[in-house]
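K.L.:
Numbering (this note's numbering), first residue to last: 280 to 741.
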């Protein structure tokens with residue numbers, strides 16, 4: 280019987296062949312791709328498969344046996360050690376799936392499932408199925424189906440001011456998928472560190488590091504990401520949320536955007552713009568467009584349908600600098616063969632027919648009313664809190680007095696069946712952060728929002 284493992288060695292790299300084999304096997308065990316007790320090829324067979332000397336494979340096997348990851352059993356060859364499951368890392372996801380049960384969910388970024396436009400989406404999907412009858416259902420292009428990329432560029436230019444071309448646009452399976460591809464491309468470019476905003480999405484930082492890039496926290500000030508610490512860090516790439524900073528909610532000033540672009544030009548760096556809730560600016564005045572048009576050659580623009588429609592669609596998009604497009608395709612071909620063609624055709628129809636515009640108009644009206652209810656409830660039941668930032672997106676940041684015990688408040692609110700996140704979890708150094716709450720308000724009706732804040736107010740008074 281023949282056993283196979285998928286390995287790849289590079290003879291033109293600085294790392295010895297045996298170390299390459301050991302590193303890849305170790306990674307496959309830790310990722311769970313090679314399960315405990317899995318039998319590996321014999322050293323002779325693997326050497327033949329990889330066209331290397333048998334001694335190179337023996338060296339790699341001996342190294343991992345010494346680490347306790349592999350075990351050699353007389354008469355049975357080399358296997359993954361039975362206790363290797365202690366080394367398996369659980370995959371990092373950007374959504375907290377271990378959500379405690381609670382009646383009132385104030386977690387940020389949670390759209391209300393009841394608002395999904397089922398009838399309109401069904402119509403678009405049916406038209407996509409009909410069109411596929413004539414176009415076929417082969418593998419879609421790695422960048423995404425032509426119709427969707429064309430519609431995306433038209434929509435993003437009209438609504439977010441994005442400058443791009445369908446040939447430089449990639450459809451992804453959501454933002455996390457796109458970020459993983461970007462991380463892989465950065466590694467190919469020799470970039471091993473990525474600056475992130477402080478505060479920022481805590482799971483996002485972990486996700487980036489799991490994708491082989493170390494994160495460097497750079498503080499956010501009143502105008503957005505601080506530029507001097509960014510220069511001092513020596514990084515060559517940065518991830519920002521300029522239109523509606525997460526979680527603080529403040530938009531980046533135009534001057535700070537210009538300074539950030541100047542940093543990219545001075546250092547040859549890359550800016551990743553996460554426009555996670557673009558199109559959900561609720562204030563009638565002062566709408567902030569994307570920063571990508573300030574420097575399309577240095578900014579990677581990333582958007583998603585998760586907040587606009589539903590995360591379950593697994594639809595996202597990247598508008599890439601032309602210089603990076605080919606590299607991103609090369610990175611992607613190693614990971615997948617593109618996304619769901621029918622889903623992409625349906626979303627293209629949804630954009631082309633104006634159904635997304637109509638849906639977002641209804642959502643903005645609904646969210647404004649919910650935001651107003653939240654403001655009134657905070658003023659009435661939690662007057663010690665101060666709401667920060669414009670009326671936008673799916674959450675509000677509320678600062679608390681420095682003396683407030685944020686951790687106890689969050690725990691007491693949960694005992695009152697209110698699920699809410701404190702602000703310190705989003706900071707790289709939580710001990711230096713002022714106490715606060717990140718209030719998501721879109722998953723609840725207006726009466727439930729009032730009741731949830733009332734319960735938090737009671738917990739605070741305790």
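Glycine included, C-beta positions come from ideal geometry on N, C-alpha and C.
The structure presented is a predicted model; accordingly, all values stated were derived computationally and were not measured.
Which of the three DSSP states is assigned to residue 394 in this structure?
P.N.:
If DSSP states are grouped into helix, strand and coil, residue 394 belongs with the helices.
K.L.:
At 4 residues or longer, and completely inside the region 461 to 487: list those alpha helix (DSSP H) runs for me, N to C.
P.N.:
Here no run is fully enclosed.
K.L.:
Note down, in chain order, each residue of its chain lying with its Cβ closer than 6 Å to the Cβ of residue 419, except the 5 sequence neighbours on either side.
P.N.:
Within the same chain, residue 419 has close Cβ partners 617, 620.
K.L.:
How about residue 353 and residue 316: are their beta carbons less than 7 Å apart?
P.N.:
It is not a contact, given that the beta carbons lie outside the stated cut-off.
K.L.:
On the DSSP bridge assignment, give the partners of residue 495 in chain order.
P.N.:
474, per the DSSP bridge assignment.
K.L.:
Can you name, in chain order, every residue of its own chain whose Cβ lies under 8 Å from the Cβ of residue 577, other than the five neighbours on each side?
P.N.:
The residues are 540, 543, 544, 548, 549, 550, 600.
K.L.:
Less than 7 Å between C-beta atoms, sequence neighbours within five positions excluded: which residues of the same chain meet that for residue 554?
P.N.:
Closer than 7 Å at Cβ, skipping near neighbours: 439, 522, 569, 580, 581, 582.
K.L.:
Quick check: the Cα distance between residue 510 and residue 383, rounded to an integer number of angstroms?
P.N.:
Computed Cα separation, rounded: 43 Å.
K.L.:
Which residue comes first and which comes last in the alpha helix (DSSP H) that contains residue 629?
P.N.:
Residue 629 -> alpha helix (DSSP H) spans 620 to 631.
K.L.:
With distance defined between alpha-carbon atoms, name the residue in 731, 724, 726, 727 nearest to residue 716.
P.N.:
Ranking the options by Cα distance to residue 716, first place goes to 731.
K.L.:
Measuring straight from C-alpha to C-alpha, what distance separates residue 597 and residue 490?
P.N.:
Each residue's alpha carbon lies about 18 Å from the other.
K.L.:
Which whole-angstrom value describes the C-beta separation of residue 561 and residue 647, a residue pair presumed to lie in contact below a C-beta threshold of 8 Å?
P.N.:
That pair is a contact at about 5 Å.
K.L.:
Thinking C-beta only, is residue 424 closer than 7 Å to residue 272?
P.N.:
A question about residue 272 goes unanswered here, because the residues of the chain that appear run from 280 up to 741.
K.L.:
Taking just the CA atoms, how far does residue 666 sit from residue 734?
P.N.:
Straight-line Cα distance between these residues: approximately 18 Å.
K.L.:
Pick from 361, 410, 296: whose alpha carbon is nearest that of residue 334?
P.N.:
Ranking 361, 410, 296 by Cα distance to residue 334 puts 296 first.
K.L.:
Are the beta-carbon atoms belonging to residue 728 and residue 679 less than 7 Å from one another?
P.N.:
Contact flag unset, no.
K.L.:
Take residue 464 and list the residues in its own chain whose beta-carbon comes closer than 7 Å to its own, dropping the five residues that flank it on each side.
P.N.:
The residues are 603, 606, 607, 610.
K.L.:
I need the straight-line Cα distance from residue 492 to residue 629, nearest angstrom please.
P.N.:
Cα to Cα, residue 492 sits roughly 36 Å from residue 629.
K.L.:
Compare the beta carbon distance of residue 459 and residue 593 with 7 Å and say whether it is the shorter of the two.
P.N.:
Going by C-beta atoms, residue 459 is not nearer than 7 Å to residue 593.
K.L.:
Between the C-alpha atoms of residue 461 and residue 449, what's the straight-line distance to the nearest angstrom?
P.N.:
Computed Cα separation, rounded: 11 Å.
K.L.:
Among 487, 528, 304, which has the Cα closest to the Cα of residue 466?
P.N.:
Per the Cα distances, 487.
K.L.:
What is the DSSP secondary structure of residue 556, reduced to helix, strand or coil?
P.N.:
The answer is coil: DSSP assigns residue 556 none of H, G, I, E or B.
K.L.:
Verify whether the separation of the beta carbon atoms of residue 698 and residue 386 is less than 7 Å.
P.N.:
Yes; because the gap between Cβ atoms is below 7 Å, this pair is in contact.
K.L.:
If you draw a straight line from the C-alpha of residue 309 to the C-alpha of residue 437, how long is it?
P.N.:
Those two C-alpha atoms are separated by around 45 Å.
K.L.:
Leaving out five residues before and five after residue 756 in sequence, what residues of the same chain have Cβ atoms less than 8 Å from its Cβ?
P.N.:
What the structure shows of the chain is the stretch from 280 to 741, and residue 756 is not part of that stretch, so it cannot be assessed.
K.L.:
Taking the alpha carbon of residue 702 as the reference point, which residue from 482, 443, 526 has its own alpha carbon closest?
P.N.:
When only C-alpha atoms are compared, the closest one is 526.
K.L.:
Buried or exposed: residue 457, going by 16 or more other Cβ atoms within 10 Å of its Cβ?
P.N.:
Looking at its Cβ environment, which holds 16 or more other Cβ atoms inside 10 Å, residue 457 is buried.
K.L.:
Write down every uninterrupted run of the beta strand (DSSP E) in the region 639 to 705 whose length is 3 residues or greater and which is fully enclosed by it, in chain order.
P.N.:
For the region 639 to 705, whole beta strand (DSSP E) runs of length 3 or above, ordered along the chain, are 665 to 667, 674 to 678.
K.L.:
Using a threshold of 7 Å, state whether the C-beta atoms of residue 318 and residue 356 are closer than that.
P.N.:
Yes, these two residues count as a Cβ contact at 7 Å.
K.L.:
If I follow the unbroken alpha helix (DSSP H) through residue 516, where does it start and stop?
P.N.:
It is not in any alpha helix (DSSP H) - residue 516 instead sits in the beta strand (DSSP E) that spans 516 to 519.
K.L.:
Helix, strand or coil: how does DSSP classify residue 551 here?
P.N.:
Here residue 551 sits in strand by DSSP.
K.L.:
For residue 691 and residue 685, I'd like the C-alpha separation in whole angstroms.
P.N.:
The alpha-carbon atoms of residue 691 and residue 685 are separated by roughly 10 Å.
K.L.:
Given that a residue counts as buried once 16 or more other Cβ atoms are within 10 Å of its Cβ, and exposed if not, what is residue 433?
P.N.:
Flag for residue 433 reads exposed.
K.L.:
What do you reckon, are the CB atoms on residue 407 and residue 470 nearer than 7 Å?
P.N.:
The answer is no: Cβ separation not under 7 Å.
K.L.:
Starting from residue 734 and walking both ways along the alpha helix (DSSP H), at which residues does that stretch end?
P.N.:
725 to 740 is the span of the alpha helix (DSSP H), which, as asked, contains residue 734.
K.L.:
Helix, strand or coil for residue 290 per DSSP?
P.N.:
Note: residue 290 maps to coil in three-state DSSP.
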